[in-house]
Every structure is written in C-alpha cells, then in structure tokens.
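Residue numbers (the numbering used here), protein chains in the order written: chain A, 1 to 407; chain B, 1001 to 1076.
Beta carbons: idealized from backbone N, C-alpha and C, even for Gly.
Predicted model only: the values in this text are computed from it and were never measured.
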Amino acid sequence: MKKICLSIIGLYIGFFAGFAQEKTDSSKYKNHQLTFDEANIVSSYYHQNGDHSAVTGGIGTEKLTDISNSFDVKFYRYDQLFRKHTWNFEVGIDHYTSASSDLIDLKANSSASHADTRIYPSVNWTRENEKKGTTIGAGVSYSHEFDYQSYSANINFAAKTKNRNGEFSARFQSFFDQVKLVLPTELIPVVAGTTSASSTSGGHHVNYPSSSRNTFDLALSYSQEVNKRLQVMFLSDLVLQNGYLSLPFHRVYFTDGSVHQENLPSTRFKLPLGLRANYFLGDKIILRAYYRFYTDNWGLTAHTASLEMPVKITPFVSVSPFYRYYIQTAIKYFAPYQEHTAADGYYTSNYDLSAFNSNFFGAGIRLTPPKGVFGIEHLNMLELRYGHYTKNINMQSNIITLNLKFK
Amino acid sequence: MSIKKNQVKQLGVVAALTAIAVSCTPVKEYQKNRLNDGEMTLGARKAEKTENSFQTYREGASGANGGKTGGGCGCN
C-alpha cells in the first residue's frame, strides 16, 4: 500500500517536472511530429458496507474499501495524407481490502484474500480522416489481479454524416479471461499428507487451477446534433459471454444446511439499449439525461435513469448535482440464504443479482480557468465528485473522485 | 392488458424518435459553441469512470454507456 502511495506521489511530481520542458510550437499547422495532446490523472476512494455477502452465502458483511488510480496520456500526429493519428496510453492501479473475501477461509482472522491489487494497462490507436469524416482504430489491454487475468483487443470504426451533424460508430471488443478457482476452504478436497483443507490455502504460492471466461461485445452508437442546444446519442451493446461465469469462492447454502459453490450457466447474452440527451438551457444550465433498458437470458431486466445538471457559476467554474435511479429484477437462479434445494440445476445467493432498486446522488465541481488551475499553466481542468449510493436491500457506499487534466 | 401496455410503450418510443428526427435542423460549425462546451460531451466524464466500474460490480446490468460490459474483471 505504501509503495502504491509513493508511486502515485512520484507520478504527480514527475508529471509536473515534465512540463518544465520547452514549450511546443502551437503555430505548426497539421503537425507531422508526434505531439502531446492531453493527460489525465483520475484518483478515487470508494467505501461500501452491507450485510448480504455472496462469499458467505448471502449473509454477512460486505465491507469493502477500494483506492483506484489511473493515468492516461494522449499523443497525436498528422501523416502525409493529413490524417490524424492518435495514441492513448493508460495504466490503472486499484487496491482493495474486502472483509467478505477474507472469509473465503471462515477460520481466518486476516487471510491472504483480504486484500488485492489490480493493474490494468491499455493502448489505443485511432486514425481520423477529417476530410472524409471517418475514423478507424484498434486497441489492446491487459488486467491482472491475484485470481483474475484478462487480455482484451478491440477494433472500431466511425463515420460522420455529410453535414457533420451526426456520427455512427461501431466497436467490436473481446476479452479472454482466466479465473483462478479459489474455493471456500471447507470445500477444498483434503489432500493426503495435509492435516486440513485450510492448510493448503491462504498463501499465494498455491498453484490453483483456472477456468476461462470469454466476452464478445459489439457496441453500436449513433449521435445527432438536433439543433444549436440539443444533442442526442443512441447506444447499444450486443454482449455474449461464455465459459466459467460463476465466482468460485461464492458459497450457496441449501435448505438442508449443506454448503456448495455458486453454479451459474456457462453462457450469457446481454442486451443493453441506451439513450443520452444533453440540452443547453439558457446560458448557464446544462441538462445531461440518460436512460438505459437492459435485458439478458438469465432473466434479469433493468431500467436506469439519471439526470445531471451542471450550473455554470462563472464561464470557468461549474457545479453539477446529479441523481441516478436503478431498478432490476432477480435472475432465475437466485435465492437467499438456505432457500436453494438439491433440485436446482443452477444456484447463487449473490444479492447483486437479486431484485432491488438503488439511488445514487451527489455533486461535482469543475474548474477550467484560462490561466490554469491554481495558476499552474498546464493544469487545464480539475474536477472533484462525491456520490452516495444506497440499495433498498441494506447496502450503501460512498465514492469520491478527483480528475486532473493536463494540456 | 399487458399487450396494450407494450403497444403504448412502443408508440411512445416511436413518437419520441420521430419528434427528434423531425426537429433536426442543420447546425453549422460556427453555431456549435454551446454544443462544443466541455459539459455537453455525450460520453461519460472521466471522473465517472470509477462510479461506472463499481456499479458494474454491484448491479446485474451493464453496458450501453461506453463503459464495461462484463469482461476484464471478476464482475458479473
């Protein structure tokens, strides 16, 4: 944890030092040299609590804290045909502590699973033909945490309408993941020569078997400028997942008191459809509205609606209160603690897949002074957001996020 | 009864889409000062990234927001 904090402080200092270099010549039109465009640092702190942990079969603490940091930097250059090439490099580090993950071993006070760090770098490239209004791109990413590894690749295409007021875009992305089969300790088969199941667990030196999980996503969207104040966007994803879609350390207790591993089908098809609409009301108020309908073949249907209202206090300072409402039905395979029976083919007591509704509200402040935030010339934007989240099944969380943009 | 309800919903969606399509007026580049405002960006904000991420973990639905749809992490 100390190492992560020091690395982040080092990153901040190194970044400011980097701007002490000579200025780039902004007068160059269609720069063929690789040019720095912008960089972002996003840091957030998340804390949650509840009493329906899936690790302990739908009962028990859900206490979790997550510190997340990501850094991205964007460069561009024009080629001989005046097409704009953009490269976006990003790396993220999350560190979390989880009281429920600690209970993979019910006898442990503080096992190896109580905390983990996730690292996820990515690289994306796009080539935009400004004359034709078309863009093509591709990217790769990787994610690593102790019990989960993922490789991902994507390709994308976008085309503007003739009058440049509309844009269609398509992206195909696939994830190839490996899930380590970390079982609840009492379900680990006792190996000859060891005294108990728990003696083989709790250490990262154990060679766990793993299973694969693949995700294929075709994302389509169309955005349209309706008039000088209103723009809308239609979004859809067609998602197919296959492989090991359960989590191996989620317990399920049957009516007879016996304990089992969560067991979910090996394919899932998801269809979310979304609509965004942004409207500039008068000169100081903006309405940002979003609605999503979601359905999948596990029987889950959900509706999400949110409204954010940035108010420009000055041209360079805005305050944005927001509210989000979410409601979902349970999947076909969900039942609470000790309500599944041996007759059930698939079973889970994960309350994230149960029927519930949630409210999320908060506010953000965004500073974009022309001479830089706090007088720091290259610190182009500072945004601070706080949100409070509650589910009607006794779970609540708080999140605070800071975004610094350098240009 | 439920068929009627569905028909009303579908009619509402079609009416909304038609209203948007009909009210479209061409916007020239020099008229886009409001549309180009930083707060008018149609995607999610950078600062919303972690919010979208925790919602993907804590809720059964995901996607259609330019963010994650299920792969790449131990989420559902």
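Worksheet entry | According to DSSP, residues forming a beta bridge with R276(A) | Answer is M233(A), Y290(A), bridged to R276(A).
Worksheet item: According to DSSP, what are the bridge partners of Q241(A)?
Response: Beta-bridge pairing links Q241(A) to T215(A), R268(A).
Fill in: chain B contact for E383(A) (CB, 9 Å cutoff)
Closer than 9 Å to some Cβ of chain B, the Cβ of E383(A) qualifies, so yes.
Worksheet entry | Limits of the beta strand (DSSP E) - the one that Y78(A) falls within | In the DSSP assignment, Y78(A) falls within the unbroken beta strand (DSSP E) covering 64-78.
Worksheet item: On the premise that A330(A) lies in contact with K353(A), defined as a C-beta separation below 8 Å, what is that separation, rounded to the nearest angstrom?
Response: Correcting the residue type first, residue 353(A) is Leu in the shown sequence and not Lys. Sure, about 7 Å apart at Cβ, within 8 Å.
Item to complete: Using a Cβ cut-off of 7 Å, pull out every chain B residue sitting near I331(A), in sequence order please.
Response: Within chain B, the residues near I331(A) are G1060.
Discussion item. Please state the DSSP three-state secondary structure of D352(A).
Written reply: Here D352(A) sits in helix by DSSP.
Practice prompt. Assuming V252(A) contacts G57(A) (C-beta within less than 8 Å), just tell me the rounded distance between them.
Written response: V252(A) to G57(A), Cβ: 6 Å. Contact.
Worksheet item: In terms of residue numbering, what span does the alpha helix (DSSP H) encompassing F168(A) cover?
Response: For F168(A), no alpha helix (DSSP H) run applies; the uninterrupted beta strand (DSSP E) run containing it begins and ends at 166-180, by DSSP.
Item to complete: Using alpha carbons as the reference points, say which of N398(A), G345(A), F374(A) lies closest to F254(A).
Response: F254(A) has its Cα closest to that of G345(A), out of N398(A), G345(A), F374(A).
Item to complete: Run the CB neighbour count on S258(A), radius 10 Å, all protein chains shown included, and call it buried at 16 or more, exposed below.
Response: Burial call: exposed.
Worksheet item: Once you ignore the five residues that flank S150(A) on each side, which residues in its own chain have a CB closer than 6 Å to its CB?
Response: Closer than 6 Å at Cβ, skipping near neighbours: S143, F175, D177.
Worksheet item: What does V239(A) reach in chain B if we use C-beta pairs closer than 7 Å?
Response: Within chain B, the residues near V239(A) are G1063, T1069, G1070.
Item to complete: Verify whether the separation of the beta carbon atoms of G1060(B) and D296(A) is less than 9 Å.
Response: Yes. Within cutoff.
Fill in: E377(A): first and last residue of the uninterrupted alpha helix (DSSP H) it sits in
Per DSSP, E377(A) belongs to no alpha helix (DSSP H) and is neither H nor E.
Discussion item. Assuming contact is defined by CB atoms lying nearer than 9 Å, are P121(A) and F89(A) in contact in what I supplied?
Written reply: Their beta carbons are under 9 Å apart, which means P121(A) touches F89(A) by this criterion.
Discussion item. Within 8 Å, do at least three Cβ pairs link the segment 73-86 of chain A to the segment 122-132 of chain A?
Written reply: Three or more beta-carbon pairs drawn from the segment 122-132 of chain A and the segment 73-86 of chain A are found closer than 8 Å, and the two stretches are therefore classed as touching.
Worksheet item: Rounded to whole angstroms, how far is the Cβ of F234(A) from the Cβ of Y222(A), which I believe are closer than 8 Å?
Response: At roughly 5 Å, the Cβ-Cβ gap stays under 8 Å, so F234(A) and Y222(A) are in contact.
Worksheet item: Among D116(A), T35(A), M395(A), V373(A), which residue has its Cα nearest to the Cα of F356(A)?
Response: Just measuring C-alpha positions, the residue of D116(A), T35(A), M395(A), V373(A) sitting nearest F356(A) is M395(A).
Worksheet item: Any beta-carbon of chain B closer than 9 Å to the one on N403(A)?
Response: Answer yes: the Cβ-Cβ gap between N403(A) and chain B drops below 9 Å somewhere.
Worksheet entry | Neighbour-count burial assignment, L34(A), 16 or more Cβ in a 10 Å radius | Exposed.
Practice prompt. Within the same chain, show all residues whose beta-carbon is closer than 6 Å to that of M381(A), passing over the 5 residues directly before and after it, in chain order.
Written response: T368, K405.
Practice prompt. Return the chain-ordered list of same chain residues with a C-beta closer than 6 Å to the C-beta of R118(A), the five sequence neighbours on each side being excluded.
Written response: Counting only Cβ-Cβ distances below 6 Å, and skipping sequence neighbours, we find D94, E145.
Worksheet entry | Beta-carbon spacing of Y46(A), T1025(B) below 9 Å | Against a cut-off of 9 Å, the Cβ pair of T1025(B) and Y46(A) comes out as no contact.
Fill in: chain B contact for H204(A) (CB, 9 Å cutoff)
Note that H204(A) has pLDDT 48, beneath the 50 cutoff, so the model's placement of it is unreliable and the number below is only indicative. For H204(A), the answer is no, since every Cβ of chain B falls outside 9 Å of its Cβ.
Worksheet item: Between G1038(B) and chain A, is there a C-beta pair that is closer than 9 Å?
Response: At least one chain A Cβ lies under 9 Å of G1038(B).
Worksheet entry | Where N1052(B) falls: helix, strand or coil (DSSP) | In the structure shown, N1052(B) sits in a helix (DSSP, three-state: H, G or I).
Practice prompt. Determine the direct distance from the alpha carbon of S266(A) to that of D256(A), and round the result to whole angstroms.
Written response: Cα-Cα distance, rounded: 26 Å.
Item to complete: Please decide whether V1014(B) counts as near chain A, where near means a Cβ-Cβ distance under 9 Å.
Response: The beta-carbon of V1014(B) is placed no less than 9 Å from the nearest beta-carbon of chain A.
Worksheet entry | Cutoff 9 Å: K1032(B) Cβ touching any chain A Cβ | So yes, K1032(B) belongs to the interface.
Worksheet item: So which residues on chain B does I399(A) lean against when the C-beta distance must stay under 9 Å?
Response: For the C-beta of I399(A), the chain B residues within less than 9 Å are, from N- to C-terminus, T1050, E1051, F1054.
Discussion item. In the DSSP assignment, the beta strand (DSSP E) including F322(A) goes from what residue to what residue?
Written reply: First-last of the beta strand (DSSP E) with F322(A): 317-328.
Discussion item. Cβ closer than 7 Å: which chain A residues qualify as neighbours of V1027(B)?
Written reply: By Cβ distance, chain A contributes N165, E225, N227, K228.
Discussion item. Counting only Cβ pairs nearer than 8 Å, list the residues of chain A close to L1035(B).
Written reply: Contact note: L1035(B) reaches chain A through E225, K228, R229, Q231, F280, using a C-beta cutoff of 8 Å and chain order.
Worksheet item: From A115(A) to Y96(A), what does the alpha carbon distance come to, in whole angstroms?
Response: Between A115(A) and Y96(A), the C-alpha separation is close to 5 Å.
Discussion item. Pairs of beta-carbons, one from the segment 207-226 of chain A and one from the segment 311-327 of chain A, closer than 8 Å: are there three or more?
Written reply: Between the segment 207-226 of chain A and the segment 311-327 of chain A, the count of Cβ pairs shorter than 8 Å is below three; the stretches do not touch.
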